[in-house]
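The next block holds one structure in the form of structure tokens; read it before the comments.
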Amino acid sequence: MDSAEELVAMVADCRVAERRIAIMGHGSKPRRVAWGHETGVEELSTRAHSGILEYRPEELVITAQSGTPLAELADAVAAQGQLLPFDPPRFGGEGTLGGAIASGLSGPARPWRGSIHDAVLGVELINGLGERLRFGGSVMKNVAGYDVSRLVVGSLGSLGVVLSASVRVLPAPAAEETVCTRCSASEADVRVRCWARRPLPITGTCYVDGTLSIRLSGGPAAIEPAKVDIAVDESGDAGIWEAVRDRAHPFFGRNDVITRLSLPRGARFDDDDALIEWGGTQAWIAGEPRSLAANVYAETFRRDGDGWTTSRPPVDGTVAKYVERVRHAFDPDGVFVGAGSG
Amino acid sequence: MSDTGVLDRLRAALPAQGLITDRQAVRPFETDGLTAIRERPWAVALPETVDQVRAVLRICREGEVPVVTRGAGTGLSGGARPLKDGVLLTLTKMRGIKEIDVDACTATVEPGITNLAISQAVAEHGLFYAPDPSSQIACSIGGNVAENSGGVHCLKYGLTVHNVLGLRVETYEGDELVLGGKGVDVLGVDLLYAIIGSEGMLGVVTEVTVKLLPLPVCKHVLLGAFDTVETAGDAVGAIIAEGIVPAGLEMMDNPAIRAAEDFANAGYPRDAAAILLCELDGTEAQVATDALRVREVLESRGAEVTSAADAATQEQLWKGRKSAFPAMGRIAPDYYCMDGTIPRGELGRVLGDIGRLADEYGLRVANVFHAGDGNLHPLILFDANQPGELERAEALGGRILSRCVQAGGTVTGEHGVGVEKLDAMCEQFDAAELAQFHRLKAAFDPAGRMNPGKAIPTLARCSELGGMHVHAGKLPHPELERF
Ligand SMILES: Cc1cc2nc3c(=O)[nH]c(=O)nc-3n(C[C@H](O)[C@H](O)[C@H](O)COP(=O)(O)OP(=O)(O)OC[C@H]3O[C@@H](n4cnc5c(N)ncnc54)[C@H](O)[C@@H]3O)c2cc1C
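Sequence lines, in order, name chains F and U. Oh and the first sequence: position 188 is 187 in numbering that gives the first Met the number 0, straight run, nothing missing. Oh and the second sequence: position 308 is 307 in numbering that gives the first Met the number 0, straight run, nothing missing.
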């Protein structure tokens, strides 16, 4: 029996035995979810189900099993002069493709190179009935059937076990440079929003501790004029992008309670004590927000040993009703622990 | 409730002239862009507000009447094909722009607005809405969402799904779903991705928030003429392998080149076996370097290259491509447009096979398509007045789609399944996958009255076809009628 068949068998067995399953990637995700308190929950690890299945660089697609470490994927595409556009966080240097898909997290280039939702082209999935299903594929354009591959992204394992996935990759830029300038959050906010309306080769912005860092990517021919254009040319710390992506930046170490704010595009946000990235659409603040503006989504993390627990705001009631029905459509007997529904 | 009761209530809920039931007056609505399939709707409802949409859904729900949503009716797979006992909910009167937020680079619009009207409305701010289906002067943004439409520029800018941030959806049950927004990243199952590309099966989209991009400062268009279709196909992969992502990368084969040239005088080389049109955009310096590299790739594969840096010449080069579809009307009474997608690396091989299949069926095929995405649009030329030709064209179409699936691709890249590709779906998906799709549909529409019978074939239909999911072979009974 190959590792996929073992996973299928486990889901089928648990369904019959009315035992519930919590899906784990590398267990690197900085959250402990509710199943810790439940009994009779089995942990299903995709770790052994690892390996790149197909990678043809000229197709701009890589297909891999869900347990494949993100580092292995990133190295494989880098060797061909390409990159993973959604650049998922690798907490503690770990993390798997399946975990990245289930948690739906994207890295510092998200507003420019797209989210992990944007990159996923196809998945193979075990649903709650223990069926092995394929949706989407490895081509860029595919509208046959509902877009289940993208629906699975961010579902935190509540719809099924992702066995493998095809994701879009992009050519890596010929050159990349990080520049920085010291300014107030308010000044940074104004400048970043003004740049968003212009065709500039920006692939990252991060404001923290009074410094605004900007990543420029492209041919050298594009970068030099862009520095003049944005009037920033002091050389910055190129390591900041990875540090922020993996929550390893000192900012995250300073606090035991941190809130991630997802801000509407174009909204003003100028808290000098926050870490503000994604062209001003994602911010991290210490503690819990006192009040929230309309359309702002907040997720609070609390340090818990060497990981974090998280509390998310409830989803709008009507939407929650349909999310629950969708979950039921994939997992009628409730085999998978519903980390996605809270 | 009696049928007239439903009609009376609909009439009362809609503005004057907002309900059409006259048998002649409903005729313009009997088909979408797939004109081979026609059905006169029982009634056409033309609401002007979301409240009226809700009222139509409520009245239909209470009267147990099925609803088919229609945008501009340019769909090519019969997705908006009406039902003779159903209401055709047509949204062309809801075409307003609710908000243009220049700071956020977003526009929030009503579903019936045309794709092009959005870009036109925001051009004064130096912005545009990227997905540009060739039908963009006519097709509606609601239809684009339902089909997850692409266009000439999706290689670089993505499909509708990559450019829509938020939706408002009314379900048949009477709920309103507010999904996404101005780029807010929420966690958990995101129903936005269930709705985009769902072909009007899950609900009615009544509001769309789209992402706007800054207009590129500089464009450059290159045309490469090739001696063989295969080398043109290989050049596509080679450009990508160079690390260049063109804004558009389109290919035409000789029959398409000739037809377009006769029609539009774009200056295409009539004897070339294939041409590639490559558009680059970005900053001036970047475009200049990329243009040099693309020229090298094309020339190293024996292509003769013309290039256009000024807007007038660029437009001239695009003219032929853009008029390719109408041009077909001149060389054949009818054409049938296929829409399979394959991995780029398979282009040369699959195009060769399509030529051989066409010979086998005694029909001509012209190819004009989104090469950069591997999205084929073989146009099967035929004459419906010749007995048996339509059936032959359909059978050939089925074989071409099988070939796409076999090459690791899909039966539809951007036109959707509708009613047209139901049989082909039996080949791409197995019974458990189709059952999963049906359960997902039921999560949104338990009564099964939103656009019933479209997009996903019943298991019975597939087993009647004599087997399902034939991965590496041909359709079990190609001689069977496909509708
Ligand atoms: C000449 C020509 C060229 C084309 N070129 C392209 C191309 O380059 N790329 C491409 O992708 N397509 C292309 N198309 C196909 C077509 O234009 C697209 O599929 C378009 O998105 C359909 O929009 P519409 O408003 O006409 O939708 P319709 O045809 O009216 O409807 C299409 C489907 O969407 C559903 N629908 C419509 N509005 C809504 C709504 N508000 N809520 C829920 N469901 C809804 C309908 O029920 C139906 O299933 C082309 C068509 C033609 C005729």
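Glycine is no exception: its CB is placed at the ideal position from the N, C-alpha and C atoms. The structure displayed is predicted, hence computed values, not measured ones.
- The beta carbon of serine 299 of chain U sits no closer than 8 Å to any beta carbon of chain F.
- No heavy atom of ligand 1 is found nearer than 7 Å to the CB of serine 118 of chain U.
- Here isoleucine 341 of chain U carries a coil assignment [DSSP, helix/strand/coil].
- For valine 204 of chain U, the distance from the CB to the nearest heavy atom of ligand 1 is below 7 Å.
- Alanine 11 of chain U has a beta carbon lying at 8 Å or more from every beta carbon in chain F.
- Rounded to whole angstroms, the Cβ separation of cysteine 461 of chain U and cysteine 425 of chain U is 4 Å, and the two are in contact under 8 Å.
- Bridge partners of aspartate 280 of chain U according to DSSP: U/Lys218.
- For glycine 306 of chain F, the uninterrupted beta strand (DSSP E) run begins and ends at 306-310, by DSSP.
- For methionine 139 of chain F, there is no enclosing beta strand (DSSP E), as DSSP gives it neither H nor E.
- By the rule that beta-carbons nearer than 8 Å mark a contact, glutamate 287 of chain F does not touch chain U.
- Take the alpha-carbon of leucine 83 of chain F and the one of threonine 170 of chain U: they are about 36 Å apart.
- Every beta strand (DSSP E) stretch that sits fully inside the segment 279-308 of chain F and reaches 3 residues is listed by chain position as 281-285, 296-303.
- Under the Cβ distance rule, glycine 150 of chain U does not count among the residues neighbouring chain F, no pair being separated by less than 8 Å.
- In this structure, aspartate 50 of chain U has its CB at a distance of at least 7 Å from all heavy atoms of ligand 1.
- The Cβ neighbour count for glutamate 123 of chain U, taken over all protein chains shown within 10 Å, is under 16; the residue is labelled exposed.
- In chain order, Leu83 place their CB closer than 7 Å to the CB of alanine 73 of chain F, counting only its own chain and leaving out the 5 sequence neighbours on each side.
- Note on glutamine 281 of chain F: 16 or more other CB atoms within 10 angstroms of its CB, so buried under the neighbour-count rule.
- Relative to ligand 1, the beta carbon of glutamate 41 of chain F is positioned no closer than 7 Å to any heavy atom.
- Between arginine 8 of chain U and arginine 53 of chain U, the alpha-carbon positions lie close to 13 Å from each other.
- Inclusion of methionine 250 of chain U and alanine 231 of chain U in the CB contact set at 8 Å is warranted, their separation being smaller than that value.
- Taking C-beta atoms as the reference points, glutamine 79 of chain F and leucine 169 of chain F fail to come closer than 8 Å.
- Uninterrupted beta strand (DSSP E) stretches at least 3 residues long and entirely within the segment 280-311 of chain U occur at 303-307, given in chain order.
- Minimum Cα-Cα distance from glycine 125 of chain U among the listed residues U/Ile195, U/Pro215, U/Ile399 corresponds to U/Pro215.
- Going by DSSP, alanine 174 of chain F is part of the beta strand (DSSP E) stretching over 174-181.
- The Cβ-Cβ distance between glutamate 278 of chain U and aspartate 338 of chain U does not fall below 8 Å.
- At least one heavy atom of ligand 1 sits closer than 7 Å to the Cβ of proline 110 of chain U.
- Below 8 Å, enough C-beta pairs join the segment 256-272 of chain F and the segment 281-301 of chain F to call them touching: three or more.
- Nearest Cα to glycine 306 of chain F within the set F/Phe90, F/Leu69, F/Ala11, F/Ala164: F/Phe90.
- Among the residues of chain F, none has a CB under 7 Å from the CB of phenylalanine 368 of chain U; the nearest is roughly 11 Å distant.
- Excluding five sequence positions before and after leucine 6 of chain U, the CB atoms of its chain that fall closer than 8 Å to its own CB belong to Leu18, Thr20, Ala42, given in chain order.
- Residues of the same chain with a CB within less than 6 Å of the CB of threonine 210 of chain F, apart from the 5 flanking positions on each side, are Cys179, Arg181 in chain order.
- Shown here for valine 334 of chain F: same chain residues with a beta carbon closer than 7 Å to its own, the five before and five after excluded, namely Val10, Cys13, Arg14, Arg19, Ile20, Gly127 in chain order.
- One finds Val142, Asp146 in chain F with Cβ atoms closer than 8 Å to the Cβ of asparagine 147 of chain U, taken in chain order.
- In this structure, valine 67 of chain U has its beta carbon less than 7 Å from a heavy atom of ligand 1.
- Within the segment 38-99 of chain F, the beta strand (DSSP E) runs of at least 3 residues that lie entirely inside it are, in chain order, 40-44, 51-55, 60-64.
- Chain F places no beta carbon closer than 8 Å to that of cysteine 138 of chain U, leaving this residue out of the contacts.
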